[in-house]
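S.K.:
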Amino acid sequence: MKRALLTFASILLLCAALTAQTVCFDEVDTGTGPNPKRGVILDSNGNGKLDLALIAGGTQGYGIGIDSLLGNGDGSFSKLRAYHGPGLPTSLTTGDFNHDGKADVAISFDQTSNTTGIVAILLGNGDGTFGSVHSMATAQPANTIVAGDFNGDGKLDVAVTTGPYATSTADIELLLGNGDGSLQSPTVLTTLPWYTTALSVADLNGDGKLDLVSDGGNTNDGGQIVTVLLGNGNGTFQTPASYPGPLKVAQTIAIADFNGDGHPDVAVPSISGISLFSGSGTGALTGPASVSMSTDPLSLAAIDLFGNGAQSLVGSDGTGQNYIGIAINDGTGNFTSQSYKVAGPNYYVYPGDFNNDGKTDLLILYIDSSRVGVLLNCS
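When we follow our numbering, the leftmost residue of the sequence shown carries the number 18, and every step to the right adds one.
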(Lines of atoms letter the chains of each structure in order from A and count residues from 1; the text may use other names and numbers.)
(Lines give C-alpha, C1' and ligand atoms only; values in the text may rest on other atoms or scores of the structure.)
Protein backbone atom coordinates (compact mmCIF):
# COMPACT_ATOMS: atom_id res chain seq x y z
CA MET A 1 0.00 0.00 0.00
CA LYS A 2 2.81 2.39 0.92
CA ARG A 3 4.63 1.55 -2.32
CA ALA A 4 1.43 2.26 -4.28
CA LEU A 5 1.01 5.61 -2.53
CA LEU A 6 4.59 6.54 -3.30
CA THR A 7 4.14 5.59 -6.93
CA PHE A 8 0.97 7.64 -7.15
CA ALA A 9 2.73 10.59 -5.54
CA SER A 10 5.58 10.27 -8.02
CA ILE A 11 3.12 10.37 -10.90
CA LEU A 12 1.51 13.50 -9.48
CA LEU A 13 4.90 15.17 -9.16
CA LEU A 14 5.78 14.23 -12.73
CA CYS A 15 2.48 15.62 -14.02
CA ALA A 16 3.03 18.81 -12.06
CA ALA A 17 6.52 19.16 -13.50
CA LEU A 18 5.20 18.74 -17.02
CA THR A 19 2.39 21.25 -16.63
CA ALA A 20 4.74 23.73 -14.96
CA GLN A 21 7.17 23.83 -17.90
CA THR A 22 7.70 27.32 -19.21
CA VAL A 23 9.89 28.50 -22.02
CA CYS A 24 12.95 30.70 -21.67
CA PHE A 25 14.63 32.60 -24.50
CA ASP A 26 17.39 35.16 -24.87
CA GLU A 27 16.85 37.31 -27.97
CA VAL A 28 19.62 38.35 -30.35
CA ASP A 29 18.63 40.73 -33.16
CA THR A 30 20.45 41.10 -36.47
CA GLY A 31 20.06 43.81 -39.10
CA THR A 32 19.30 42.49 -42.57
CA GLY A 33 17.90 44.54 -45.37
CA PRO A 34 14.53 46.23 -45.69
CA ASN A 35 11.44 44.20 -44.92
CA PRO A 36 12.52 40.54 -44.62
CA LYS A 37 9.89 38.27 -46.20
CA ARG A 38 10.90 34.60 -46.05
CA GLY A 39 14.04 32.73 -45.16
CA VAL A 40 15.75 29.37 -45.30
CA ILE A 41 18.31 27.97 -42.88
CA LEU A 42 21.44 26.37 -44.35
CA ASP A 43 25.19 26.01 -43.87
CA SER A 44 26.34 27.93 -46.92
CA ASN A 45 30.07 27.96 -46.11
CA GLY A 46 30.45 24.52 -44.54
CA ASN A 47 31.78 25.67 -41.15
CA GLY A 48 29.10 23.96 -39.05
CA LYS A 49 27.34 27.22 -38.16
CA LEU A 50 23.83 27.88 -39.43
CA ASP A 51 23.52 30.63 -42.01
CA LEU A 52 20.52 32.39 -43.50
CA ALA A 53 19.30 33.08 -47.00
CA LEU A 54 16.59 35.70 -46.85
CA ILE A 55 14.07 37.24 -49.20
CA ALA A 56 14.10 40.95 -48.42
CA GLY A 57 13.61 44.31 -50.03
CA GLY A 58 9.93 44.26 -50.92
CA THR A 59 9.80 48.01 -50.45
CA GLN A 60 12.24 48.39 -53.34
CA GLY A 61 9.94 46.74 -55.85
CA TYR A 62 10.63 43.88 -58.21
CA GLY A 63 14.05 42.57 -59.07
CA ILE A 64 15.18 41.89 -55.50
CA GLY A 65 16.38 38.35 -54.96
CA ILE A 66 17.92 37.20 -51.70
CA ASP A 67 20.34 38.34 -49.04
CA SER A 68 23.01 35.92 -47.86
CA LEU A 69 23.90 36.15 -44.16
CA LEU A 70 26.59 34.12 -42.42
CA GLY A 71 25.99 32.81 -38.93
CA ASN A 72 28.53 33.77 -36.27
CA GLY A 73 27.75 30.77 -34.08
CA ASP A 74 26.31 32.86 -31.24
CA GLY A 75 22.86 33.55 -32.69
CA SER A 76 23.90 36.63 -34.65
CA PHE A 77 24.47 36.98 -38.40
CA SER A 78 26.69 39.06 -40.65
CA LYS A 79 25.29 40.18 -43.98
CA LEU A 80 27.40 38.99 -46.88
CA ARG A 81 25.79 40.19 -50.11
CA ALA A 82 22.53 40.50 -52.04
CA TYR A 83 21.47 38.74 -55.23
CA HIS A 84 19.01 40.25 -57.69
CA GLY A 85 16.52 38.16 -59.62
CA PRO A 86 14.12 38.27 -62.58
CA GLY A 87 10.95 39.08 -60.64
CA LEU A 88 9.39 39.28 -57.22
CA PRO A 89 10.78 36.44 -55.05
CA THR A 90 8.09 34.61 -53.14
CA SER A 91 9.73 31.62 -51.46
CA LEU A 92 13.00 29.72 -51.22
CA THR A 93 14.44 26.38 -50.16
CA THR A 94 17.86 24.75 -50.07
CA GLY A 95 19.61 21.58 -51.18
CA ASP A 96 22.58 20.31 -53.20
CA PHE A 97 21.21 20.47 -56.73
CA ASN A 98 24.49 19.78 -58.59
CA HIS A 99 26.07 17.14 -56.30
CA ASP A 100 29.18 19.15 -55.41
CA GLY A 101 28.67 18.97 -51.64
CA LYS A 102 27.82 22.67 -51.37
CA ALA A 103 24.48 24.14 -50.34
CA ASP A 104 22.47 25.75 -53.14
CA VAL A 105 19.28 27.81 -52.99
CA ALA A 106 16.12 27.40 -55.07
CA ILE A 107 13.86 30.46 -55.37
CA SER A 108 10.37 30.91 -56.75
CA PHE A 109 9.44 34.17 -58.50
CA ASP A 110 6.26 35.93 -59.50
CA GLN A 111 6.73 37.88 -62.71
CA THR A 112 5.73 41.53 -62.82
CA SER A 113 2.78 40.65 -65.04
CA ASN A 114 1.36 38.35 -62.33
CA THR A 115 0.63 35.80 -65.08
CA THR A 116 3.80 33.69 -65.22
CA GLY A 117 6.50 32.61 -62.81
CA ILE A 118 10.10 31.45 -62.63
CA VAL A 119 12.01 28.95 -60.52
CA ALA A 120 15.72 29.73 -60.22
CA ILE A 121 18.59 27.71 -58.72
CA LEU A 122 21.52 29.67 -57.25
CA LEU A 123 24.51 27.34 -57.08
CA GLY A 124 26.59 27.74 -53.94
CA ASN A 125 30.33 28.36 -54.05
CA GLY A 126 30.85 26.85 -50.60
CA ASP A 127 31.96 30.12 -48.99
CA GLY A 128 28.55 31.70 -48.41
CA THR A 129 28.38 33.21 -51.88
CA PHE A 130 26.46 31.95 -54.89
CA GLY A 131 27.43 31.84 -58.54
CA SER A 132 25.73 30.25 -61.54
CA VAL A 133 21.97 30.61 -61.95
CA HIS A 134 19.69 28.09 -63.64
CA SER A 135 16.08 29.09 -64.21
CA MET A 136 12.88 27.57 -65.59
CA ALA A 137 9.54 29.21 -66.29
CA THR A 138 6.26 28.12 -64.68
CA ALA A 139 2.87 28.59 -66.30
CA GLN A 140 1.57 30.71 -63.42
CA PRO A 141 3.07 32.92 -60.71
CA ALA A 142 5.14 30.67 -58.42
CA ASN A 143 4.29 30.96 -54.74
CA THR A 144 5.94 28.38 -52.47
CA ILE A 145 8.81 26.04 -53.30
CA VAL A 146 10.07 22.82 -51.69
CA ALA A 147 12.83 20.39 -52.64
CA GLY A 148 13.09 16.60 -52.62
CA ASP A 149 13.97 13.61 -54.77
CA PHE A 150 10.48 12.78 -55.97
CA ASN A 151 11.41 10.31 -58.72
CA GLY A 152 14.11 8.34 -56.91
CA ASP A 153 16.97 9.07 -59.32
CA GLY A 154 19.25 10.61 -56.69
CA LYS A 155 18.81 14.13 -58.12
CA LEU A 156 16.98 16.87 -56.26
CA ASP A 157 13.71 18.10 -57.75
CA VAL A 158 11.46 20.99 -56.75
CA ALA A 159 7.70 21.33 -56.35
CA VAL A 160 5.91 24.67 -56.33
CA THR A 161 2.44 25.99 -55.70
CA THR A 162 1.39 28.42 -58.38
CA GLY A 163 -1.45 30.81 -59.08
CA PRO A 164 -2.24 34.52 -58.83
CA TYR A 165 -2.99 35.91 -55.39
CA ALA A 166 -6.51 35.24 -54.07
CA THR A 167 -7.74 33.33 -57.12
CA SER A 168 -8.97 29.82 -57.88
CA THR A 169 -6.53 29.25 -60.76
CA ALA A 170 -3.98 27.46 -58.59
CA ASP A 171 -2.04 24.24 -58.93
CA ILE A 172 0.98 22.29 -57.72
CA GLU A 173 3.75 21.79 -60.27
CA LEU A 174 6.78 19.46 -60.27
CA LEU A 175 10.11 20.36 -61.87
CA LEU A 176 12.49 17.41 -62.05
CA GLY A 177 16.18 18.08 -61.51
CA ASN A 178 18.91 17.12 -63.97
CA GLY A 179 21.62 16.81 -61.31
CA ASP A 180 23.64 19.78 -62.58
CA GLY A 181 21.54 22.56 -61.06
CA SER A 182 19.15 22.82 -63.98
CA LEU A 183 15.49 21.82 -64.02
CA GLN A 184 13.14 20.25 -66.52
CA SER A 185 9.90 21.85 -67.65
CA PRO A 186 7.13 21.71 -65.04
CA THR A 187 4.30 19.20 -64.99
CA VAL A 188 1.05 19.91 -63.19
CA LEU A 189 0.42 17.44 -60.37
CA THR A 190 -3.00 18.71 -59.33
CA THR A 191 -5.18 21.78 -59.48
CA LEU A 192 -6.33 23.50 -56.30
CA PRO A 193 -9.64 25.29 -55.75
CA TRP A 194 -7.90 28.28 -54.18
CA TYR A 195 -4.42 29.77 -54.12
CA THR A 196 -2.03 28.61 -51.41
CA THR A 197 1.22 29.75 -49.85
CA ALA A 198 1.92 26.57 -47.84
CA LEU A 199 3.60 23.42 -49.18
CA SER A 200 5.52 20.78 -47.22
CA VAL A 201 7.35 17.52 -47.92
CA ALA A 202 6.89 14.44 -45.74
CA ASP A 203 6.62 10.65 -45.86
CA LEU A 204 3.14 10.25 -44.43
CA ASN A 205 2.74 6.53 -45.12
CA GLY A 206 6.25 5.36 -44.27
CA ASP A 207 7.00 3.82 -47.67
CA GLY A 208 10.22 5.77 -48.20
CA LYS A 209 8.65 7.85 -50.99
CA LEU A 210 8.16 11.58 -50.59
CA ASP A 211 4.65 12.99 -50.31
CA LEU A 212 3.37 16.56 -50.59
CA VAL A 213 1.03 18.38 -48.21
CA SER A 214 -0.55 21.73 -49.03
CA ASP A 215 -3.41 23.93 -47.99
CA GLY A 216 -5.82 25.50 -50.45
CA GLY A 217 -9.57 25.85 -50.43
CA ASN A 218 -12.53 27.37 -52.18
CA THR A 219 -12.67 30.63 -50.27
CA ASN A 220 -10.31 32.76 -48.26
CA ASP A 221 -9.94 32.27 -44.49
CA GLY A 222 -12.37 29.76 -43.06
CA GLY A 223 -12.87 27.64 -46.18
CA GLN A 224 -9.50 26.01 -46.61
CA ILE A 225 -8.62 22.35 -47.06
CA VAL A 226 -5.49 20.29 -46.55
CA THR A 227 -4.46 18.52 -49.75
CA VAL A 228 -2.31 15.37 -49.54
CA LEU A 229 -0.52 13.91 -52.57
CA LEU A 230 1.05 10.52 -51.83
CA GLY A 231 4.13 9.95 -53.96
CA ASN A 232 4.70 6.85 -56.06
CA GLY A 233 8.46 7.37 -55.98
CA ASN A 234 8.78 7.85 -59.74
CA GLY A 235 7.72 11.49 -60.04
CA THR A 236 4.02 10.69 -60.15
CA PHE A 237 1.49 10.95 -57.35
CA GLN A 238 -1.74 9.28 -56.34
CA THR A 239 -5.11 10.99 -56.58
CA PRO A 240 -5.10 13.89 -54.09
CA ALA A 241 -6.98 13.51 -50.83
CA SER A 242 -8.65 16.57 -49.33
CA TYR A 243 -9.33 17.27 -45.65
CA PRO A 244 -11.54 20.25 -44.76
CA GLY A 245 -11.35 22.22 -41.53
CA PRO A 246 -11.82 25.69 -40.05
CA LEU A 247 -8.55 26.71 -41.69
CA LYS A 248 -7.18 29.90 -43.15
CA VAL A 249 -4.63 30.71 -45.83
CA ALA A 250 -1.44 29.59 -44.11
CA GLN A 251 2.10 30.72 -44.75
CA THR A 252 3.59 27.46 -43.43
CA ILE A 253 2.28 24.27 -41.86
CA ALA A 254 4.08 21.96 -39.44
CA ILE A 255 4.48 18.18 -39.86
CA ALA A 256 5.78 16.03 -36.98
CA ASP A 257 4.75 13.17 -34.69
CA PHE A 258 2.87 15.14 -32.06
CA ASN A 259 1.11 12.27 -30.26
CA GLY A 260 4.01 9.83 -30.03
CA ASP A 261 2.49 7.03 -32.12
CA GLY A 262 5.32 7.03 -34.67
CA HIS A 263 3.24 8.57 -37.49
CA PRO A 264 3.58 12.12 -38.85
CA ASP A 265 0.73 14.50 -38.03
CA VAL A 266 -0.15 17.78 -39.74
CA ALA A 267 -0.71 21.08 -37.89
CA VAL A 268 -2.31 23.94 -39.82
CA PRO A 269 -3.16 27.52 -38.75
CA SER A 270 -6.91 27.88 -38.28
CA ILE A 271 -9.38 30.63 -37.53
CA SER A 272 -9.36 29.59 -33.88
CA GLY A 273 -5.69 28.70 -33.32
CA ILE A 274 -4.40 25.42 -34.77
CA SER A 275 -6.13 22.51 -36.47
CA LEU A 276 -4.26 19.26 -35.85
CA PHE A 277 -4.78 16.37 -38.26
CA SER A 278 -3.58 13.00 -36.94
CA GLY A 279 -1.65 10.70 -39.22
CA SER A 280 -2.55 7.02 -39.46
CA GLY A 281 0.67 5.73 -41.02
CA THR A 282 -1.21 4.94 -44.23
CA GLY A 283 -1.17 8.49 -45.56
CA ALA A 284 -4.73 9.17 -44.46
CA LEU A 285 -5.45 11.91 -41.93
CA THR A 286 -8.16 12.13 -39.28
CA GLY A 287 -9.57 15.14 -37.48
CA PRO A 288 -8.92 17.93 -37.13
CA ALA A 289 -8.64 18.48 -33.40
CA SER A 290 -8.42 22.04 -32.13
CA VAL A 291 -5.23 23.19 -30.38
CA SER A 292 -5.33 26.49 -28.55
CA MET A 293 -2.70 29.14 -29.31
CA SER A 294 -2.44 32.57 -27.75
CA THR A 295 -1.67 34.25 -31.08
CA ASP A 296 -3.39 34.19 -34.45
CA PRO A 297 -0.71 32.22 -36.32
CA LEU A 298 0.02 32.45 -40.02
CA SER A 299 3.20 30.38 -39.79
CA LEU A 300 3.81 27.28 -37.65
CA ALA A 301 6.97 25.39 -36.71
CA ALA A 302 7.46 22.15 -34.80
CA ILE A 303 10.19 22.34 -32.15
CA ASP A 304 11.56 20.17 -29.35
CA LEU A 305 11.79 22.93 -26.76
CA PHE A 306 12.99 20.89 -23.78
CA GLY A 307 15.10 18.22 -25.46
CA ASN A 308 12.71 15.45 -24.40
CA GLY A 309 11.55 14.47 -27.88
CA ALA A 310 8.11 16.05 -27.51
CA GLN A 311 7.34 18.22 -30.52
CA SER A 312 5.72 21.48 -29.46
CA LEU A 313 4.31 24.13 -31.78
CA VAL A 314 5.38 27.74 -32.21
CA GLY A 315 3.29 30.18 -34.22
CA SER A 316 3.79 33.68 -35.53
CA ASP A 317 1.28 36.42 -34.82
CA GLY A 318 -0.65 37.47 -37.89
CA THR A 319 -2.46 40.26 -36.03
CA GLY A 320 0.60 42.51 -35.85
CA GLN A 321 1.28 42.05 -32.14
CA ASN A 322 4.71 41.67 -30.54
CA TYR A 323 4.23 38.05 -29.49
CA ILE A 324 4.68 34.51 -30.65
CA GLY A 325 2.37 31.72 -29.57
CA ILE A 326 3.69 28.50 -28.04
CA ALA A 327 1.71 25.27 -27.62
CA ILE A 328 3.75 23.05 -25.29
CA ASN A 329 3.27 19.35 -25.97
CA ASP A 330 3.42 16.80 -23.16
CA GLY A 331 4.49 14.16 -25.68
CA THR A 332 1.06 12.60 -26.16
CA GLY A 333 -0.56 15.38 -28.17
CA ASN A 334 -1.90 17.36 -25.21
CA PHE A 335 -0.89 21.02 -25.46
CA THR A 336 -0.64 23.91 -23.02
CA SER A 337 -0.80 27.40 -24.49
CA GLN A 338 1.70 30.14 -23.64
CA SER A 339 2.73 33.40 -25.26
CA TYR A 340 6.14 35.01 -25.46
CA LYS A 341 6.81 38.69 -26.09
CA VAL A 342 9.29 39.47 -28.86
CA ALA A 343 10.70 42.60 -30.44
CA GLY A 344 8.08 43.18 -33.12
CA PRO A 345 5.21 41.97 -35.33
CA ASN A 346 6.11 38.76 -37.13
CA TYR A 347 4.91 36.39 -39.84
CA TYR A 348 7.48 33.57 -39.96
CA VAL A 349 9.25 31.39 -37.41
CA TYR A 350 12.04 28.90 -38.14
CA PRO A 351 13.70 26.39 -35.76
CA GLY A 352 17.45 25.70 -35.63
CA ASP A 353 20.41 25.50 -33.27
CA PHE A 354 21.97 28.89 -33.95
CA ASN A 355 24.57 28.93 -31.16
CA ASN A 356 25.60 25.25 -31.32
CA ASP A 357 24.66 24.42 -27.74
CA GLY A 358 22.52 21.41 -28.63
CA LYS A 359 19.20 23.20 -27.98
CA THR A 360 16.74 24.17 -30.68
CA ASP A 361 16.35 27.93 -31.00
CA LEU A 362 13.94 30.07 -33.02
CA LEU A 363 14.53 32.58 -35.78
CA ILE A 364 11.80 35.19 -36.32
CA LEU A 365 11.29 37.42 -39.34
CA TYR A 366 9.98 40.80 -38.22
CA ILE A 367 7.66 42.42 -40.74
CA ASP A 368 7.94 46.01 -41.91
CA SER A 369 11.40 46.27 -40.41
CA SER A 370 15.01 45.57 -41.31
CA ARG A 371 15.93 42.87 -38.83
CA VAL A 372 15.50 39.29 -37.79
CA GLY A 373 15.51 38.01 -34.23
CA VAL A 374 17.00 34.80 -32.88
CA LEU A 375 15.50 33.46 -29.66
CA LEU A 376 18.24 31.41 -28.01
CA ASN A 377 16.64 28.57 -26.08
CA CYS A 378 17.45 28.63 -22.37
CA SER A 379 14.54 26.37 -21.34
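Think of the CB as a built atom: it goes at the ideal place given N, C-alpha and C, for glycine as much as any other residue.
#1: Select from 198, 284, 350 and 293 the residue whose C-alpha is nearest the C-alpha of residue 137.
#2: Using 8 Å as the cut-off, can you tell me whether the region 213 to 225 makes contact with the region 298 to 308, which would need three or more C-beta pairs spanning the two stretches below that distance?
#3: May I ask which residues mark the beginning and end of the beta strand (DSSP E) holding residue 68?
#4: Select from 283, 374 and 338 the residue whose C-alpha is nearest the C-alpha of residue 228.
#5: Please state whether DSSP places residue 364 in a helix, a strand or coil.
#6: Under three-state DSSP, which class holds residue 127?
#7: So, at 7 Å on beta carbons, what are the nonlocal neighbours of residue 251 in its own chain, with the 5 sequence-adjacent residues on each side left out?
#8: For residue 84, collect the residues of the same chain with a Cβ closer than 7 Å to its Cβ; drop the 5 residues on either side in sequence, then sort them by chain order.
#9: Is residue 266 helix, strand or coil by DSSP?
#10: Could you tell me the boundaries of the beta strand (DSSP E) in which residue 10 lies?
#11: With contact counted as at least three CB pairs below 8 Å, one residue from each stretch, are the region 207 to 219 and the region 180 to 189 in contact?
#12: Would you kindly check if the distance between the Cβ of residue 90 and the Cβ of residue 66 is under 8 Å?
#13: Under 7 Å Cβ to Cβ from residue 127, same chain only, skipping five residues before and after it: list those, please.
#14: Whole angstroms is fine: what's the gap from residue 341's alpha carbon to residue 327's?
#15: State the start and end residues of the unbroken beta strand (DSSP E) segment that holds residue 112.
#16: Since residue 346 is in the beta strand (DSSP E), which residue starts that stretch and which ends it?
#17: Roughly how many angstroms separate the alpha carbons of residue 306 and residue 101, rounded to a whole number?
#18: Here's a check: name, in chain order, each residue in its chain whose Cβ is nearer than 6 Å to the Cβ of residue 362, leaving out the five neighbours to either side.
#19: On the DSSP bridge list, what partners appear for residue 95?
#20: Span of the beta strand (DSSP E) holding residue 305?
#21: For residue 31 and residue 202, I'd like the C-alpha separation in whole angstroms.
#22: Using the three-state DSSP reduction, which class does residue 212 fall into: helix, strand or coil?
M.R.: Walking through what the data contain:
#1: Translated into positions along the sequence shown, residue 137 becomes position 120. Ranking the options by Cα distance to residue 137, first place goes to 198.
#2: yes
#3: In the sequence shown, counting from the first residue as 1, residue 68 sits at position 51. Run containing residue 68: 68 to 72, per the beta strand (DSSP E) assignment.
#4: Against the sequence shown, residue 228 aligns to sequence position 211. It is 283 whose Cα lies nearest to the Cα of residue 228.
#5: Indexing the sequence shown from 1 puts residue 364 at position 347. Strand.
#6: The count along the sequence shown starts at 1 and reaches residue 127 at position 110. Of the three classes helix, strand and coil, the one that applies to residue 127 here is strand, per DSSP.
#7: For the purposes of this step, residue 251 is taken as the residue at position 234 of the sequence shown. Within the same chain, residue 251 has close Cβ partners 168 and 169.
#8: Here the question's residue 84 lines up with position 67 in the sequence shown. These residues qualify, in order along the chain: 49, 50, 71, 73, 96 and 99.
#9: On the sequence shown, residue 266 is found 249 positions in, with the first residue counted as 1. Looking at residue 266 - three-state DSSP - the assignment turns out to be coil, as it is neither helix nor strand.
#10: No answer is possible for residue 10: the residues shown for the chain start at 18 and end at 396.
#11: yes
#12: Locating residue 66 in the sequence shown gives position 49, where the first residue counts as 1. Locating residue 90 in the sequence shown gives position 73, where the first residue counts as 1. For residue 66 and residue 90, yes; Cβs fall inside 8 Å.
#13: Along the sequence shown, read from residue 1 onward, the residue named residue 127 stands at position 110. If we look at residue 127 and ignore the five residues flanking it on each side, its Cβ neighbours are 104, 105, 107, 134, 158 and 159.
#14: If you number the sequence shown from 1, residue 341 lands on position 324. If you number the sequence shown from 1, residue 327 lands on position 310. About 19 Å.
#15: As a working mapping, residue 112 is identified with position 95 in the sequence shown. Its beta strand (DSSP E) spans residues 105 to 112.
#16: Position 329 of the sequence shown holds residue 346. 340 to 346 is the extent of the beta strand (DSSP E) around residue 346.
#17: Your numbering for residue 306 matches position 289 in the sequence shown. Your numbering for residue 101 matches position 84 in the sequence shown. Taking the straight line joining both Cα atoms gives about 43 Å.
#18: Sequence index remark: in the sequence shown, residue 362 carries index 345 (1-based). Answer for residue 362: 337 and 384, listed in chain order.
#19: Start at 1 with the first residue of the sequence shown, and residue 95 comes out as number 78. DSSP output for residue 95 lists 87 as bridge partner(s).
#20: Position 288 of the sequence shown holds residue 305. First-last of the beta strand (DSSP E) with residue 305: 302 to 308.
#21: Here residue 31 corresponds to residue number 14 of the sequence shown, with the count starting at 1. Here residue 202 corresponds to residue number 185 of the sequence shown, with the count starting at 1. For residue 31, the pLDDT reaches just 45, beneath the cut-off of 50, and the residue's location in the model is therefore unreliable, leaving the point undetermined.
#22: Translated into positions along the sequence shown, residue 212 becomes position 195. Residue 212 falls in the coil class under three-state DSSP.
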